[in-house]
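Step one of this worksheet: look at the structure below.
There are 2 protein chains.
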Amino acid sequence: MAVNFRHVLHTTLLLPPPPPHLWPSPLPSCKPTRTKLSATSSPSPSSTQMELHTQGRQKFMEFPFVSAPHRELMVDLVSTVEDRLGSQLLPCTLPPDIQHCQNQNGTAQASLHIRSAHDSSTSKVDFILGSWLHFALPTGAALNITSLSAYLNPSTDAPNLVVELIQSSPTSLIFILDLPPRKDPVLYQEYLQTFYENTKLETRRQMLEKLPEVQPYVSSSLYLRCVLSPTAILIRIQTEDSGPERLEEIIKDQLHPVAKEVVGIWVDHCACGEREVEEEEKAYLKKRDQIIKRKTIEIDLGTNFPRLFGPELAGRVLGAIQEVYDR
Amino acid sequence: MAVNFRHVLHTTLLLPPPPPHLWPSPLPSCKPTRTKLSATSSPSPSSTQMELHTQGRQKFMEFPFVSAPHRELMVDLVSTVEDRLGSQLLPCTLPPDIQHCQNQNGTAQASLHIRSAHDSSTSKVDFILGSWLHFALPTGAALNITSLSAYLNPSTDAPNLVVELIQSSPTSLIFILDLPPRKDPVLYQEYLQTFYENTKLETRRQMLEKLPEVQPYVSSSLYLRCVLSPTAILIRIQTEDSGPERLEEIIKDQLHPVAKEVVGIWVDHCACGEREVEEEEKAYLKKRDQIIKRKTIEIDLGTNFPRLFGPELAGRVLGAIQEVYDR
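If you're matching them up, the sequences are chains W and P in order.
Position 131 of the first sequence, counting from 1, maps to 131 under full-length UniProt numbering, and the rest follow consecutively.
Position 129 of the second sequence, counting from 1, maps to 129 under full-length UniProt numbering, and the rest follow consecutively.
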């Protein structure tokens, strides 16, 4: 069944911010000192907005349909990004029925959270998008997709981030982890060197590839294959022979530490790294980013969401995402 | 041992033209009627040049160190390209000791042939490059690499062609077959549609992937991964269990027909297809092509050739290739 959903790359786990009392974090952030949500360039969110955000985040962070190691992985990644970038992010202001939605007969549920960055000259983040999707299959099994993606703005040319786990049975998981490049790596060799060779991302890919339960995963979308980097981790893990416990063990002991490391590399080198971008190049990045976002939403959600949630609700969800993409 | 040579992607089998008496071919060519070598824009090659070319081609087409099915595959691909494009190509004018070279103790031999296209407004071909390389390993086994690649010029943006077979034992083969894109496919979706989706290249990749002896092959060069298309065939075939005969059977019954089809697609849709290219885009193509060629020679030959043939001979071979690349 995962075959039908393997393009749902960016339906990813919403990254709602932590509740306000948790905002000051002991971990270092891009900026040495934390600022409140009320950055100078943006008005403070109202208490209604914060309430909306907090409730949506709570539901999102439950990851109610996946195993404990799967949930812990996602919560840890979301928390890591929030701890480092939280002060740059606005609360999620999607309407409640889009932050969490379900179909009429309750077989499909989804949580969607998007946090844009402050319109500030200091932030390199465009927005962060997370989601989970649960769909009860007619066979009695269920499809669960959890994901987290982050897009940077044209003040930097550094790569974006995408993490996705697609679980179609207790013994089968597709795992996608990448820093998709924002420039054609064929033309810009320094880019390849800086973000992919110097960071040794390939060693993480190779480590997972060596596990006996792991097979390479090839997306059926040629476009998505082009969007991903040469060190992208795209694997299918199957543990039919050793049961669901082995899959949970792999998530906990292998996927979680690798994902944590890669997200750390993304925060340090991409979201918080310094890059000089000429004005002309900003236009190029803006154009390329826009094409990727539009095409991704078309491939990922355009087909599946209407089937799962009906055209009316799907239209509203896609419209809400599109609005952020076009901002 | 193939690991040490897996970047030798473009040392590929030279495509020397057929002897002059074979030039008129029964197969259709890009141009409905064949022209002689003496196109209006280029002087006729001298008899010395033709002799040099013919001798080099003869040696090249022997493929003396590989199995019959491997040889037949390469001869067929070279002949197919020559039959369709031969009238556009000049003879190979590399010096004899570069068309065929060997090291001092005779453990390494190589054949290299390059044919540039006439400087004609009608040809879309830049040059065609083929090679074979034989290296006797200290273990008694041998490494054999055969390949064919073709580069188009900026009058079209259509993809190039690369075919390579890397055989490190009688039961182990790496097979690379692709039409590498000449534009960033993320930015140009029509390009992806025209050359990769409409041509159904993915069905060929999937067909080979399903063979039980086939595993995906991942180049250790991140740059080469970026250069290849989303439908690139990169596989490792291992037949230890069923012996060398099974590998020969796979080459004959599976690789050969797929390679023939893909080369046919390249000739029809790329080398002979009509594309409109604006002046500004020509500059982009020229720049991108140049970067790929320089980087490829650096990755493929820059490391291995000096080790195999010594610095002096390697320098001359690389210089001869560079001269064609920079033309």
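Backbone N, C-alpha and C define an ideal beta-carbon position, used for all residues, glycine too.
Work out the CA separation of residue j and residue i for me, nearest whole Å.
i                      : j                      : result
residue 107 of chain P : residue 134 of chain P : 8 Å
residue 211 of chain P : residue 272 of chain P : 32 Å
residue 62 of chain P  : residue 130 of chain P : 13 Å
residue 121 of chain P : residue 306 of chain W : 51 Å
residue 327 of chain P : residue 230 of chain W : 30 Å
residue 250 of chain W : residue 175 of chain W : 11 Å
residue 92 of chain W  : residue 206 of chain W : 36 Å
residue 95 of chain W  : residue 113 of chain W : 10 Å
residue 217 of chain P : residue 226 of chain P : 14 Å
residue 290 of chain P : residue 325 of chain P : 7 Å
residue 137 of chain W : residue 236 of chain W : 20 Å
residue 328 of chain W : residue 165 of chain P : Not covered by the structure: residue 328 of chain W. The range shown for chain W is 1 to 327.
residue 242 of chain W : residue 132 of chain W : 27 Å
residue 40 of chain P  : residue 127 of chain W : Bear in mind that the predicted position of residue 40 of chain P carries a pLDDT of just 41, short of 50, making it unreliable; the figure below should be weighed with that in mind. Rounded to whole angstroms, residue 40 of chain P to residue 127 of chain W spans 59 Å at the Cα level.
residue 278 of chain W : residue 288 of chain W : 15 Å
residue 76 of chain W  : residue 90 of chain W  : 20 Å
residue 313 of chain P : residue 116 of chain W : 59 Å
residue 119 of chain P : residue 82 of chain P  : 17 Å
residue 45 of chain W  : residue 86 of chain W  : 14 Å
residue 245 of chain W : residue 311 of chain W : 38 Å
residue 214 of chain W : residue 316 of chain P : 45 Å
residue 172 of chain W : residue 309 of chain W : 25 Å
residue 264 of chain P : residue 169 of chain W : 42 Å
residue 257 of chain W : residue 234 of chain W : 16 Å
residue 149 of chain W : residue 162 of chain W : 4 Å
Determine the DSSP secondary structure at residue i, reduced to helix, strand or coil.
i                      : result
residue 226 of chain W : helix
residue 97 of chain P  : helix
residue 186 of chain W : coil
residue 275 of chain W : coil
residue 315 of chain W : helix
residue 178 of chain P : strand
residue 239 of chain P : coil
residue 53 of chain P  : helix
residue 269 of chain W : helix
residue 108 of chain W : strand
residue 164 of chain P : strand
residue 257 of chain W : helix
residue 324 of chain P : helix
residue 173 of chain P : strand
residue 25 of chain P  : Unreliable placement is indicated for residue 25 of chain P, whose pLDDT of 36 sits below 50; no coordinate value is reported for it.
residue 117 of chain P : strand
residue 89 of chain W  : strand
residue 20 of chain W  : Because residue 20 of chain W sits at a pLDDT of 36, beneath the cut-off of 50, its placement in the model cannot be relied upon, and the point is left open.
residue 41 of chain P  : For residue 41 of chain P, the predicted structure reports a pLDDT of 46, less than 50, and the residue's modelled location is therefore unreliable. The matter cannot be settled from this model.
Would you kindly report the start and end of the unbroken beta strand (DSSP E) that includes residue i?
i                      : result
residue 309 of chain P : It is not in any beta strand (DSSP E) - residue 309 of chain P instead sits in the alpha helix (DSSP H) that spans 304 to 309.
residue 125 of chain W : 125 to 136
residue 147 of chain P : 142 to 152
residue 215 of chain P : 214 to 216
What residue range is occupied by the uninterrupted alpha helix (DSSP H) comprising residue i?
i                      : result
residue 284 of chain W : 279 to 300
residue 203 of chain P : 201 to 209
residue 244 of chain P : 244 to 250
Hey, residue i and residue j are a contact pair by Cβ (cut 8 Å); roughly how many whole angstroms apart?
i                      : j                      : result
residue 158 of chain P : residue 269 of chain P : 7 Å
residue 167 of chain P : residue 208 of chain P : Wrong, their Cβ atoms sit about 16 Å apart, outside the cutoff.
residue 192 of chain P : residue 185 of chain P : 5 Å
residue 88 of chain P  : residue 56 of chain P  : At roughly 19 Å, the Cβ-Cβ gap does not stay under 8 Å, so residue 88 of chain P and residue 56 of chain P are not in contact.
residue 73 of chain P  : residue 259 of chain P : 6 Å
residue 200 of chain P : residue 155 of chain P : Rounded, the Cβ-Cβ distance is 26 Å, inconsistent with contact.
residue 247 of chain W : residue 239 of chain W : 4 Å
residue 204 of chain P : residue 262 of chain P : 6 Å
residue 146 of chain W : residue 267 of chain W : Actually they are not in contact, since the Cβ atoms of residue 146 of chain W and residue 267 of chain W sit about 19 Å apart, beyond 8 Å.
residue 223 of chain W : residue 299 of chain W : 6 Å
residue 252 of chain P : residue 69 of chain P  : 4 Å
residue 334 of chain P : residue 295 of chain W : The structure shown does not extend to residue 334 of chain P, since chain P is modelled only from 1 through 327, so no value can be given for it.
I want to check one thing, is the minimum distance from the CB of residue i to the heavy atoms of the ligand FMN below 7 Å?
i                      : result
residue 199 of chain P : Looking at this structure, you won't find the ligand FMN or any other ligand, since it has none at all.
_Chain-ordered residues of the region 288 to 310 of chain P with a beta carbon less than 9 Å from chain W_ = 288, 291, 292 and 295
*asked:* Please identify, using Cβ separations under 9 Å, the residues of the region 225 to 259 of chain W that lie next to chain P, in order along the chain.
replied: 225, 226, 227, 229, 230 and 231
*Contact residues within the region 182 to 195 of chain P, judged by C-beta distance below 8 Å to chain W*: 184, 185, 186, 187, 189 and 192
*asked:* Closer than 8 Å between beta carbons: that is the criterion. Which residues of the region 136 to 162 of chain P meet it against chain W?
replied: none
*asked:* To be precise: take each residue of the region 211 to 224 of chain P, compare its Cβ to all Cβ atoms of chain W, and keep it if any distance is under 7 Å. Which residues remain?
replied: 216, 222 and 223
_Against chain W, which members of the region 262 to 281 of chain P pass a CB distance test of less than 8 Å?_
none
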